[in-house]
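Enquirer: Protein sequences appear in the order of chains A and B. Residue numbering for the first sequence follows the numbering used here, starting at 59 and increasing by one per position. Residue numbering for the second sequence follows the numbering used here, starting at 63 and increasing by one per position. All C-beta atoms, glycine included, are put in the ideal place defined by N, C-alpha and C. Keep in mind that this is a model prediction, so the values were computed, not measured. Below: one structure in structure tokens.
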Amino acid sequence: MSAERGNVKILVFACRWCGLIGADGAGRKRIELPASYRVIPVDCAGYVEPDAVIRALASGATGVAVLGCHVGGCRFNDANHPALKRLELLKTLLDTAGIGGNRLLLGFGTAHESHQYAEMIVDFHEELKGLPSMASWLPAAAVTGDQ
Amino acid sequence: MSKISIFLCNCFGEIGKIIDLESIRKKLETDPAVDSVTIVESLCLPGDAARAHSVIRERGMGKVLIGACSPYGNMEYVRLALAKEGTNVRTVRMVDLREGCAWVHGKNPQGATRKAASQLDMELALLQNMQNSKDVAIQVQQEALVIGAGPAGLSAAAGLARLGFRTHLIDRGSAPGGLLNVVTKTYPADEPGPQKIKSFVDETNKNSLIRFYGKTKVSAVKGYAGDFKVSLAGPEGNTVLRVGAVVLATGARLLFPQGMFGYGKVKNVITQMEMERRFATSAASCKTAVFIQCVGARNGERPYCSTICCPLSLKNAMRVMDENPGAKAYVLHRDIMTPGSVLEAYYRKALQRGVQFIRFDADRPPEVRGQDQVSGVEVFDTISGVSRTLETDLLVLSTPFIPDPDATALARMLNIPVDKYGFYAEVYPIHPVETRNDGIFICGTARWPVSSDQAIAQGEAAAMKAASFLGKETVSALTMSRVPGGKLGHATADAAACTGCGNCVAVCPYEACRLQRTGNRSVSRVIKIRCKACGSCVSVCPNGAMQMPEQNYRVTGEMIRRAFREVR
């Protein structure tokens with residue numbers, strides 16, 4: 059258990075139009091980021107269902123980040139607006155269930171905000187450092203993360 | 063299941079010097095789904111796609127996974143180049159190993175390698191579990207509807223007809239021309255308004271491909287890009303048109319300044335449009351004319367600039383001086399907006415002509431003197447810092463363009479967004495005159511306040527965009543996208559699993575989901591042409607009836623499972 063602490067694993071659902079273009083920018087600027095996150099590209103933050111977040115937490119992620127366009131600047135008109143509402147509600151539910159709403163990060167930025175993207179990843183990594191994985195009861199071979 | 067060919071790009075060392083591609087290759091080769099793993103020096107140079115394709119063909123044309131730079135930059139072209147060679151573009155997936163891995167984890171090669179292996183493993187899961195959306199093709203109705211016959215609509219209709227498309231031009235007025243019909247002199251060329259659009263009106267009358275419907279309004283719109291069914295209500299009763307594209311040129315109107323600067327109470331306080339009418343009837347005689355700019359514009363409610371009022375006041379001020387020898391003209395402004403070489407020269411001309419410009423502050427607007435008849439204006443000149451009283455017998459208020467009151471209803475009918483003031487919103491900034499609803503184009507002052515010259519140019523632009531769409535005989539759902547190479551796929555509704563809750567209908571930003579009555583229950587149906595593959599319906603469906611075949615629940619589940627598992 060104690061070895062699990064600090065072993066941060068972040069699953070990032072990033073929208074292909076803003077979040078991931080921001081990530082590209084961070085790469086081009088060679089901003090050093092912790093290698094503790096994995097990215098699932100989605101076409102829109104609206105695609106991310108609450109169960110996917112819960113499933114990610116249950117299968118070993120310490121935290122989940124959903125990155126989309128600014129509210130009002132969504133590629134798909136306003137698809138990220140209901141997504142924000144849905145996931146904010148999930149945050150409350152995670153808090154109520156004792157899992158902690160801070161395990162879910164909702165980030166909204168534009169394609170050129172690569173510094174913001176990098177900052178979010180670094181801060182989220184720091185935030186999750188003290189928290190154990192939700193799947194710490196799984197066999198050690200099943201859960202390995204990177205620092 | 064077809065096997066997967068993997069290409070790992072070294073990017074001349076940019077990827078290879080951080081990520082241990084050789085160890086990843088060894089791990090990936092043990093996966094039973096993988097056919098071959100090839101490490102290549104580059105994938106983006108000329109000839110690389112052909113070489114990669116020869117490997118793919120040799121291995122039996124399976125699915126392709128590429129680990130290289132970001133798919134949102136150069137790799138899109140690699141994907142398209144592969145498609146050109148004959149690979150199915152939708153079974154080529156890319157993993158970002160450079161921007162998202164090597165370059166952000168340069169000081170942590172081991173972590174970067176582990177992450178790269180995980181990301182490749184996740185994308186493998188996608189390729190293994192993905193299904194392909196069935197494409198739907200529709201016949202494009204090669205006719206266009208242009209709503210509004212002002213300068214923008216006229217130039218759009220003339221442009222479309224010249225390219226050979228049957229065009230229906232409707233207007234709620236009885237004759238084409240719009241606001242320009244009122245204007246007897248336009249800036250900066252000083253030609254009469256109707257003269258400016260004469261060539262387009264002639265085209266409308268002469269060209270048999272254009273049909274003009276006067277006193278006609280749109281009552282209902284059904285269908286989608288390529289096949290709209292538009293109901294018109296006009297003097298000849300109801301008509302239903304089937305058109306492939308719609309150009310919206312409904313224009314705008316000028317704000318009515320009721321209660322501002324004594325308008326409506328004090329005589330000879332008039333708007334610019336009334337001034338134009340006075341010029342038309344030669345009743346514009348006065349000794350002094352004062353123009354107040356930005357009346358009801360560039361304030362909290364309407365922070366935008368209406369573009370036309372400054373040149374309009376310059377023109378009318380000079381005209382007052384021309385038609386009334388010895389008359390004076392003052393323009394009270396907050397800033398004179400005359401961008402470009404032509405309008406700036408026009409401003410200099412007005413200065414030379416003797417038009418006087420006084421700058422006032424928004425917090426300290428001019429005050430009107432006079433009870434029944436305007437006698438003067440008191441203005442605090444911010445440049446000299448003194449209050450001045452101008453004696454005048456005519457006060458003209460420059461009010462901004464505001465959206466037409468019918469515009470919002472029409473926007474709702476056509477399912478296009480409006481901005482916060484009520485003007486039609488385009489897909490900003492990379493797709494001018496296009497709207498989020500494919501096949502519907504906007505131009506002229508309905509889109510944003512513009513001068514008639516710009517409206518004509520935008521009408522031409524909208525005509526060209528509409529023509530490039532109408533020129534196709536058929537369009538298929540998967541190619542209906544602004545992304546090169548088409549969209550990812552489209553949502554599908556499983557009628558057996560659907561309970562008809564309507565969540566998808568509520569959340570769809572494109573009105574692509576519809577509830578359809580079958581038997582005694584309602585079932586969701588996706589209009590594939592409209593779907594843009596955002597996946598909003600998937601995330602709100604409580605039964606898993608809505609799926610994106612390319613990234614279905616199995617794909618997402620497997621990707622999540624593989625994200626942090628020990629890489630083999």
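1. Around the Cβ of I89 of chain A, are there at least 16 other Cβ atoms within 10 angstroms (buried) or fewer (exposed)?
2. For S344 of chain B, does the count of other Cβ atoms within 10 angstroms reach 16, so buried, or fall short, so exposed?
3. Can you give me the Cβ contacts of L457 of chain B inside the same chain, cut-off strictly under 6 angstroms, excluding the 5 residues immediately before and after it?
4. So does the region 571-578 of chain B actually touch the region 123-136 of chain A, counting three or more Cβ pairs closer than 8 angstroms?
5. P99 of chain A lies in the beta strand (DSSP E); which residues open and close that run?
6. With distances taken between CB atoms, is the gap from F166 of chain A to H139 of chain A smaller than 8 angstroms?
7. Quick one: which unbroken alpha helix (DSSP H) runs of 4-plus residues sit fully inside the region 445-484 of chain B? Chain order, please.
8. Between the C-alpha atoms of V180 of chain A and K187 of chain A, what's the straight-line distance to the nearest angstrom?
9. Distance, Cα to Cα, G168 of chain B vs A93 of chain A?
10. Got a sec: is the Cβ-Cβ distance from R381 of chain B to anything in chain A below 8 angstroms?
11. Buried or exposed: where does N267 of chain B fall if 16 or more other Cβ atoms within 10 Å of its Cβ makes it buried?
12. With 7 angstroms as the limit, tell me which residues of the region 579-602 of chain B have their beta carbon closer than that to any beta carbon of chain A; keep them in chain order.
13. Where do the N-terminal and C-terminal ends of the beta strand (DSSP E) with I44 of chain A fall, by residue?
14. For the alpha helix (DSSP H) that contains R176 of chain B, what are its first and last residues?
15. Under three-state DSSP, which class holds H139 of chain A?
16. Could you give the distance in angstroms between the alpha-carbon of A169 of chain A and the alpha-carbon of Y615 of chain B?
17. Grab the span of the alpha helix (DSSP H) containing I589 of chain B for me, first residue to last.
18. Anything in chain A within Cβ reach of P479 of chain B, meaning under 7 angstroms, just list it in chain order.
19. My guess is that R161 of chain A and V122 of chain A are in contact by the Cβ rule of under 8 angstroms, so how many angstroms apart are they, rounded?
20. Return the CA-CA distance between A179 of chain B and G606 of chain B, expressed in angstroms with no decimal places.
21. Tell me which residues share the same chain as S449 of chain B and place their Cβ nearer than 8 angstroms to its Cβ, disregarding the 5 neighbours each side in the sequence.
22. Just how far apart, CA to CA, sit A424 of chain B and F463 of chain B?
23. For the beta strand (DSSP E) that contains S98 of chain B, what are its first and last residues?
24. Is there a Cβ of chain B sitting closer than 8 angstroms to that of A206 of chain A, yes or no?
25. Using DSSP with H/G/I as helix, E/B as strand and the rest coil, what is E91 of chain B?
26. Name the two residues that bound the continuous alpha helix (DSSP H) containing H230 of chain B.
27. Per DSSP, what are the beta-bridge partners of N300 of chain B in this structure?
28. Please identify, using Cβ separations under 9 angstroms, the residues of the region 555-580 of chain B that lie next to chain A, in order along the chain.
29. From A198 of chain A to N65 of chain A, what does the alpha carbon distance come to, in whole angstroms?
30. Along the chain, where does the beta strand (DSSP E) that runs through A72 of chain A open and close?
31. Less than 8 angstroms between the beta carbons of A359 of chain B and C367 of chain B, yes or no?
32. Mind listing the chain B neighbours of D101 of chain A? Cutoff is C-beta to C-beta under 9 angstroms, in chain order.
33. Can you say whether A155 of chain A is buried or exposed, counting buried as having 16 or more other CB atoms within 10 angstroms of its CB?
34. For G85 of chain A, would you say it is in contact with chain B, using Cβ-to-Cβ distances shorter than 8 angstroms as the test?
35. Taking all protein chains shown into account, decide if N582 of chain B is buried (16 or more other Cβ within 10 angstroms of its Cβ) or exposed.
36. Under 7 angstroms between beta-carbons, which chain A residues line up against Q193 of chain B? List them in chain order, please.
Expert: On the basis of the data shown:
1. Mapped onto the first sequence, residue 89 of chain A falls at position 31. I89 of chain A is buried by the Cβ-count criterion.
2. On the second sequence, position 282 is the one that residue 344 of chain B refers to. The residue is exposed, with fewer than 16 neighbouring Cβ atoms inside 10 Å.
3. Here residue 457 of chain B refers to the residue found at position 395 when the second sequence is read from its first residue. Closer than 6 angstroms at the Cβ level, and outside the excluded window around L457 of chain B, lie V331, V352, V436.
4. By the C-beta criterion, the region 571-578 of chain B is judged to be in contact with the region 123-136 of chain A, since at least 3 inter-stretch pairs fall below 8 angstroms.
5. Taking the first residue of the first sequence as position 1, residue 99 of chain A is located at position 41. From DSSP, the beta strand (DSSP E) with P99 of chain A extends over 95-100.
6. For the purposes of this step, residue 166 of chain A is taken as residue 108 along the first sequence, with counting starting at 1. For the purposes of this step, residue 139 of chain A is taken as residue 81 along the first sequence, with counting starting at 1. Not closer than 8 angstroms, so no.
7. 469-476
8. Position 122 of the first sequence, counted from the first residue, corresponds to residue 180 of chain A. Position 129 of the first sequence, counted from the first residue, corresponds to residue 187 of chain A. Computed Cα separation, rounded: 11 angstroms.
9. On the second sequence, residue 168 of chain B is found 106 positions in, with the first residue counted as 1. On the first sequence, residue 93 of chain A is found 35 positions in, with the first residue counted as 1. A straight line joining the alpha-carbon of G168 of chain B with that of A93 of chain A spans about 10 angstroms.
10. In the second sequence, counting from the first residue as 1, residue 381 of chain B sits at position 319. No, R381 of chain B lies away from the interface with chain A (no Cβ there is under 8 angstroms from its Cβ).
11. For this step, residue 267 of chain B is matched to residue 205 along the second sequence. By the neighbour-count rule (16 or more Cβ atoms within 10 Å), N267 of chain B is not buried but exposed.
12. K594, A595, C596, G597, S598, V600, S601
13. Outside the modelled stretch of chain A, which goes from 59 to 205, sits residue 44 of chain A, for which no answer is possible.
14. Stepping through the second sequence from its first residue, residue 176 of chain B is reached at position 114. 171-191 is the extent of the alpha helix (DSSP H) around R176 of chain B.
15. Residue 139 of chain A sits at position 81 when you count from the first residue of the first sequence. H139 of chain A: helix per DSSP, three-state reduction.
16. Locating residue 169 of chain A in the first sequence gives position 111, counting from the first residue. Locating residue 615 of chain B in the second sequence gives position 553, counting from the first residue. Each residue's alpha carbon lies about 27 angstroms from the other.
17. The residue labelled residue 589 of chain B in the question sits at position 527 within the second sequence. Looking at the DSSP string, I589 of chain B is not in any alpha helix (DSSP H), and its letter there is neither H nor E.
18. For this step, residue 479 of chain B is matched to residue 417 along the second sequence. Counting only Cβ-Cβ distances below 7 angstroms, P479 of chain B has contacts in chain A at N135, in chain order.
19. Here the question's residue 161 of chain A lines up with position 103 in the first sequence. Here the question's residue 122 of chain A lines up with position 64 in the first sequence. The pair is a contact, with the Cβ atoms about 7 angstroms apart (cut-off 8 angstroms).
20. Counted from its first residue, the second sequence places residue 179 of chain B at position 117. Counted from its first residue, the second sequence places residue 606 of chain B at position 544. Rounded to the nearest angstrom, the two C-alpha atoms are 30 angstroms apart.
21. Here the question's residue 449 of chain B lines up with position 387 in the second sequence. Cβ within range, chain order: E440, V441, F442, D443.
22. Stepping through the second sequence from its first residue, residue 424 of chain B is reached at position 362. Stepping through the second sequence from its first residue, residue 463 of chain B is reached at position 401. Their backbone Cα atoms lie some 19 angstroms apart in a straight line.
23. For the purposes of this step, residue 98 of chain B is identified with residue 36 of the second sequence, where counting begins at 1. Per DSSP, S98 of chain B belongs to the beta strand (DSSP E) from 96-102.
24. No answer is possible for residue 206 of chain A: it lies beyond the span of chain A, which begins at 59 and ends at 205.
25. Mapped onto the second sequence, residue 91 of chain B falls at position 29. If DSSP states are grouped into helix, strand and coil, E91 of chain B belongs with the helices.
26. On the second sequence, residue 230 of chain B is found 168 positions in, with the first residue counted as 1. Element bounds for H230 of chain B: not the alpha helix (DSSP H) but the beta strand (DSSP E), 228-232.
27. Counted from its first residue, the second sequence places residue 300 of chain B at position 238. The partner list for N300 of chain B (beta bridge, DSSP) reads B:A295.
28. A568, V569, C570, P571, Y572
29. Translated into the one-based positions of the first sequence, residue 198 of chain A becomes position 140. Translated into the one-based positions of the first sequence, residue 65 of chain A becomes position 7. Note that A198 of chain A scores 49 on pLDDT, short of 50, meaning its location in the model is unreliable and no value can be drawn from it.
30. Within the first sequence, residue 72 of chain A is the residue found at index 14, counting from 1. Unbroken beta strand (DSSP E) run through A72 of chain A: 68-73.
31. If you number the second sequence from 1, residue 359 of chain B lands on position 297. If you number the second sequence from 1, residue 367 of chain B lands on position 305. Yes, the pair counts as a contact, with Cβ atoms nearer than the cut-off.
32. Position 43 of the first sequence, counted from the start, is the residue given in the question as residue 101 of chain A. By Cβ distance, chain B contributes K549, L550, K594, A595, C596, G597, M610, Q613.
33. Taking the first sequence and counting its residues from 1, the one referred to as residue 155 of chain A is at position 97. So A155 of chain A counts as exposed.
34. Position 27 of the first sequence, counting from 1, holds the residue named residue 85 of chain A. True, the Cβ-Cβ gap to chain B drops below 8 angstroms.
35. For the purposes of this step, residue 582 of chain B is taken as the residue at position 520 of the second sequence. By the neighbour-count rule (16 or more Cβ atoms within 10 Å), N582 of chain B is not buried but exposed.
36. Counting from one through the second sequence, the residue named residue 193 of chain B turns up at place 131. The contacting residues do not exist; Q193 of chain B stays about 16 angstroms from chain A at best.
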